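Just so we're aligned: the sequence shown equals residues 6 to 149 in this note's numbering.
Note that CB positions come from ideal geometry on N, CA and C, so glycine has one too.
As the structure is a computational prediction, the values presented were derived from the model and not from experiment.
In what follows, a single structure is set out as structure tokens and then discussed.
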Amino acid sequence: MAAVFTFAACQQTDAQKEAEGLLKKATREYEEGRFEAALMSIDSLRNVYPNAVDVRERALTLYQEVCIGQAQKNIEKLDAELEQVKAEYNSKKSLAEAHHSEGTATEEELMEVNRMRLRRDSLQVRFDTECAKVKVIRQKQKEG
């Protein structure tokens, strides 16, 4: 019986070390801004080492930070794109409204304004979603 327990303890120690290695890898990927790779490493850790509870708990904290980092990166990108699209939309809308009031607006011009509005709205939803994601994770961090 003692041999079985000793063998199990050694296996758990090896598994613990391997899990720690994956966590270190994920941390390094996060620090390098490689968020997708970090999430994949954390996912691997969860799947391969389900019994490495303390490592998994630390991985959860890292997972939250990676998600926040990824969302913030997306927010920056979406914000810049959204501002550009809003400016372009407002310009085209004003021109189309002027042409419409003159009776010279073309169907293509009006369709383009509608496409720009849809693009603007879509970007706004994505931006709002990423902001909400950060807010929810921060709230869970305060609770946890």
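Under the three-state DSSP convention, the category residue i falls into
i: M6; result: Only weak support is given to the placement of M6: the predicted model assigns it a pLDDT of 49, under 50, and the value that follows is read from those uncertain coordinates. Coil.
i: G26; result: helix
i: N56; result: coil
i: E62; result: helix
i: T109; result: coil
Where residue i falls, given that 16 or more other Cβ within 10 Å makes a residue buried
i: Q75; result: buried
i: M116; result: exposed
i: A103; result: exposed
i: R125; result: buried
i: A137; result: exposed
Residue i to residue j span [Cα, whole Å]
i: G26; j: E41; result: 18 Å
i: L83; j: R122; result: 15 Å
i: D19; j: D133; result: 44 Å
i: E148; j: I142; result: 10 Å
i: K78; j: Q89; result: 17 Å
i: E86; j: T32; result: 29 Å
i: V139; j: S49; result: 23 Å
i: M6; j: E81; result: Its pLDDT being 49, under 50, M6 is placed unreliably in this model, and the coordinates cannot settle the point.
Selection from the options that minimises the alpha carbon distance to residue i
i: K145; options: E36, N56, R33 and I73; result: I73
i: Q21; options: D126, D48, E34 and D59; result: D59
i: A24; options: Y54, L44 and Y35; result: Y54
i: A43; options: K30, N52 and R51; result: K30
i: Y37; options: V71, E112, N52 and E114; result: Sequence inspection shows Glu at residue 37; the Tyr mentioned does not correspond to that position. With distances taken between Cα atoms, E37 lies closest to V71.
i: E114; options: Y35, S106, L128 and A101; result: A101
*Could you tell me whether the region 94-102 touches the region 50-68, where touching means 3 or more Cβ pairs closer than 8 Å?*
no
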